[in-house]
Amino acid sequence: MESKRQQKFSRLIQKELADIFQREVPHLFGGAFISVSTVRVSPDLGLARTYLSVMMAPNPQELLLEVRLNAKTIRHHLAQRIKSQVRVIPELTFYLDDTAEYAANMDKLFSGLEIPPAPEEDEDDDIYTK
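Each residue of the sequence shown is one higher than the one before, starting from 3 at the first, in our numbering.
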């Protein structure tokens, strides 16, 4: 369970990284739309695990590799934005957030299920009336 401090710090990083991906470094990723869905911060605030949702990208895995290669640049932009609010700029690790894909897959599986109707019970067989 994250402390209030970790939650506040992760919200700050999420907001700033989202803005960085949209306004400062979109040219690095070929026009793909990258949103920051979740940020999890370590208790010492030294590591931020960042989960990204990617749209309009032909290959999300390649885009994730490109983001990881540019992590130093992204961290520098983050440092410029939050340097007056924090003591240490966290190391950034990036992961693909596949929760939307997982939910769509689960919906597909559930819609493909065939559930037989419940058998009708005779009124004479009811155990409560005897």
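We put the beta carbon where it would ideally sit given N, CA and C, even for glycine.
Going straight from the alpha carbon of Ile91 to that of Val56, what length do you get?
Using only the alpha carbons, I get a separation of about 24 Å.
Have a look at Ser37, Pro121, Leu80, Ser86 and flag the residue whose alpha-carbon is nearest the alpha-carbon of Tyr97.
Nearest of Ser37, Pro121, Leu80, Ser86 to Tyr97, Cα basis: Ser37.
Excluding the five sequence neighbours on either side, which residues of its own chain have a C-beta within less than 6 Å of the C-beta of Leu30, listed in chain order?
So the list reads Asn72, once near-sequence residues are dropped.
Please report how far the alpha carbon of Lys85 lies from the alpha carbon of Lys110, in whole angstroms.
About 45 Å.
Alpha carbon to alpha carbon, how far is Arg7 from Arg51? Give it in angstroms, no decimals.
So the alpha carbons of these two residues sit roughly 16 Å apart.
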